[in-house]
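What follows is a set of notes on a single structure, which appears directly below.
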Amino acid sequence: MVLDNCELETTVFERPDTLTGANTHYCPGCTHGIANRLIAEVIDEMGMREKTIGVASVGCSVFIYNYLNMDFVQAPHGRAPAMATGVKRVLPDRMVFTYQGDGDLASIGMTEIVHAAARGENITVFFLNNTNYGMTGGQMAPTTMPGQKTTSSQNGRDVETQGYPIRVSEMFSKLDGASYIVRRSLHDPKNIRMAKKAIRMAFETQVRGLGFSMVELLSICPTNWGMTPKTSIQWLEERMIPYYPLGDYKVHPALAEIKL
Amino acid sequence: MPLKGRIVVNEKYCKGCELCVSSCPQEVLALANDRITAKGYHPASLVADGCTGCGICSVICPDAAITVYREKAGVSRIPA
Ligand SMILES: Cc1ncc(C[n+]2csc(CCOP(=O)(O)OP(=O)(O)O)c2C)c(N)n1
Ligand code: SF4
Ligand code: SF4
Ligand code: SF4
Ligand SMILES: [Mg+2]
Chain X
1 MVLDNCELET TVFERPDTLT GANTHYCPGC THGIANRLIA EVIDEMGMRE
51 KTIGVASVGC SVFIYNYLNM DFVQAPHGRA PAMATGVKRV LPDRMVFTYQ
101 GDGDLASIGM TEIVHAAARG ENITVFFLNN TNYGMTGGQM APTTMPGQKT
151 TSSQNGRDVE TQGYPIRVSE MFSKLDGASY IVRRSLHDPK NIRMAKKAIR
201 MAFETQVRGL GFSMVELLSI CPTNWGMTPK TSIQWLEERM IPYYPLGDYK
251 VHPALAEIKL
Chain G
261 MPLKGRIVVN EKYCKGCELC VSSCPQEVLA LANDRITAKG YHPASLVADG
311 CTGCGICSVI CPDAAITVYR EKAGVSRIPA
């Protein structure tokens, strides 16, 4: 007797529908790819592909519009939250999200993101923190840690002259307009699963009309850190997480009823 | 007896980053050093029996290159 394969085995994982067939431009091991896939999985699980609009930013993040098979617009550097505000206000029934790096969000775009959060704008933000400007060659970002070497802090970031890093999630948790602010990491399977739940929760915040939601995702940049993917993962765990602790920084009480 | 699984690595997407190799709890993955993909990477592949279909490699893979299958419980195994 010949049994059909599907009678013998279940598919545990396959590429989500919302991922296009494109081969990404991301460097080998870059966890931008994991973040893109998680967003695709959650949009599929919510059945929201036809009702979602993404706003791409500037950075290695930008080409997400080629990798997710759905509507996208692309904003000038740092301006994704402003563009998302306009899109959401004109089309309030759509689920609108931005996808931004730390240079885009916390440097050139700090004004737009702070005010979108303060206004309680009903949008969702995915914030990829890899502690540098990846796309342009690994320059220092507001998130570069004290002592961290980058192409523009070659002796390590000196806080005397270059100031202290900004912990974005902690800062936004103090804004009344923010409803869901959490930090997760993409360095191992357990944390990736927790990141996926947070992405779902952030979208649920928006669908319920509760206001501004942001998931900060700690991410590796092996190319500019000058490390292998595996060593980058260790560096993230040992160096980044102590400085950028994972956790829920602000959660609207109405979200307590959602069990994921 | 533990469940049996298998994976298929799509070599169009695999970039040989090795994150699946170091994450596999059964240690049945390695890069195939005898060949390269069209992009010039050594692709990941199953090198030993013992895959349980746990899916961990597909969770860590940044390029969604791995499809994971697991044998259904209770289905008798047919010799190949
Ligand atoms: C107005 C403007 N200024 C500067 C640049 C150059 N630029 C391109 S990407 C980038 C930084 C991106 O860093 P980040 O947001 O951290 O993204 P990553 O590549 O690390 O994911 C800069 C400064 C630009 N494109 N436009
Ligand atoms: S430069 Fe860094 S952030 Fe950009 S794709 Fe490469 S590893 Fe990823
Ligand atoms: S499914 Fe699990 S056991 Fe099989 S190769 Fe992947 S990580 Fe290893
Ligand atoms: S994690 Fe994915 S891209 Fe990296 S080696 Fe394994 S299959 Fe290839
Ligand atoms: Mg960056």
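Residue numbers (the working numbering), protein chains in the order written: chain X, 1 to 260; chain G, 261 to 340. For each residue, glycine too, the CB sits at the ideal point set by N, CA and C.
Helix, strand or coil for X/Ala56, going by three-state DSSP, please let me know. DSSP places X/Ala56 in strand when its eight states are reduced to three.
On the three-state DSSP scale, how would you describe X/Gly103? DSSP places X/Gly103 in helix when its eight states are reduced to three.
Uninterrupted alpha helix (DSSP H) stretches inside the region 49–97 of chain X (no shorter than 4 residues): If we require 4 residues or more, the alpha helix (DSSP H) runs fully inside the region 49–97 of chain X come out as 64–67, 80–90.
What in chain X is Cβ-close to G/Glu278, meaning under 7 Å? Under the 7 Å cutoff, chain X gives Pro229, Lys230.
Starting from the beta carbon of G/Glu331, find every residue of chain B whose beta carbon is closer than 7 Å, and list them in chain order. Checking the listed chains, one finds no chain B in this structure; the protein chains it contains are X and G.
Any heavy atom of ligand 4 closer than 7 Å to the beta-carbon of G/Cys307? Per the sequence shown, the amino acid found at residue 307 of chain G is Val instead of Cys. The answer is no for G/Val307.
Neighbourhood of X/Asp267 by C-beta distance below 6 Å, restricted to the same chain and skipping five residues each side: Lying before the first or after the last residue shown, residue 267 of chain X is absent from chain X, which here runs from 1 to 260.
Given that G/Ala324 touches chain X, what residues does it touch there, using C-beta distances under 8 Å? Below the 8 Å Cβ cutoff, chain X contributes Arg15, Pro16, Leu19, Gly33, Arg37 as neighbours of G/Ala324, in chain order.
Is the beta carbon of X/Gln162 within less than 7 Å of some heavy atom of ligand 3? No, Cβ of X/Gln162 sits at least 7 Å from all heavy atoms of ligand 3.
For X/Met214, the residue or residues it bridges with in DSSP: For X/Met214, DSSP records a beta bridge to X/Val125, X/Ile181.
Would you mind stating whether G/Ala325 and G/Cys274 have Cβ atoms separated by less than 8 Å? Judged by beta-carbon spacing, G/Cys274 lies within the 8 Å limit of G/Ala325, meaning their Cβ atoms are closer than that value.
X/Gly54 versus X/Ala84, X/Gly47, X/Leu260, residue with shortest Cα-Cα distance: Nearest to X/Gly54 by C-alpha distance, out of X/Ala84, X/Gly47, X/Leu260, is X/Ala84.
Cβ of X/Pro189 versus every heavy atom of ligand 4: is any distance shorter than 7 Å? No.
Within this structure, are the beta carbons of X/Gly59 and X/Gly120 separated by less than 8 Å? With respect to X/Gly120, X/Gly59 sits apart: the two C-beta atoms are not nearer than 8 Å.
Go ahead and label X/Thr151 buried or exposed: buried means 16 or more other beta carbons lie within 10 angstroms of its beta carbon, across all protein chains shown. Counting of Cβ neighbours within 10 angstroms places X/Thr151 among the exposed residues, the total staying below 16.
How far does the alpha helix (DSSP H) with X/Ile34 in it extend, from its first residue to its last? Here the alpha helix (DSSP H) through X/Ile34 covers 32–46.
Decide if the region 206–219 of chain X is in contact with the region 241–255 of chain X; the criterion is three or more beta carbon pairs, one per stretch, under 8 Å apart. With the cut-off at 8 Å, the region 206–219 of chain X and the region 241–255 of chain X touch.
Within this structure, are the beta carbons of X/Asn224 and X/Gly134 separated by less than 8 Å? In contact: X/Asn224 and X/Gly134 (Cβ atoms closer than 8 Å).
Is G/Leu289 near ligand 3 - that is, is its Cβ less than 7 Å away from at least one heavy atom of it? Indeed, a heavy atom of ligand 3 lies less than 7 Å from the Cβ.
On a CA-only basis, which of X/Thr231, X/Gln206, X/Thr228 is nearest X/Asp93? Give me that one, please. For X/Asp93, the nearest C-alpha among the options comes from X/Gln206.
8 Å contact criterion, which X/Asn132 and X/Ala118 should meet: CB distance rounded: Cβ atoms of X/Asn132 and X/Ala118 stay farther apart than 8 Å, at about 27 Å.
Kindly indicate if chain G contains any beta-carbon less than 8 Å away from that of X/Gly226. Under the 8 Å criterion on CB atoms, X/Gly226 is classed as non-interfacial with respect to chain G.
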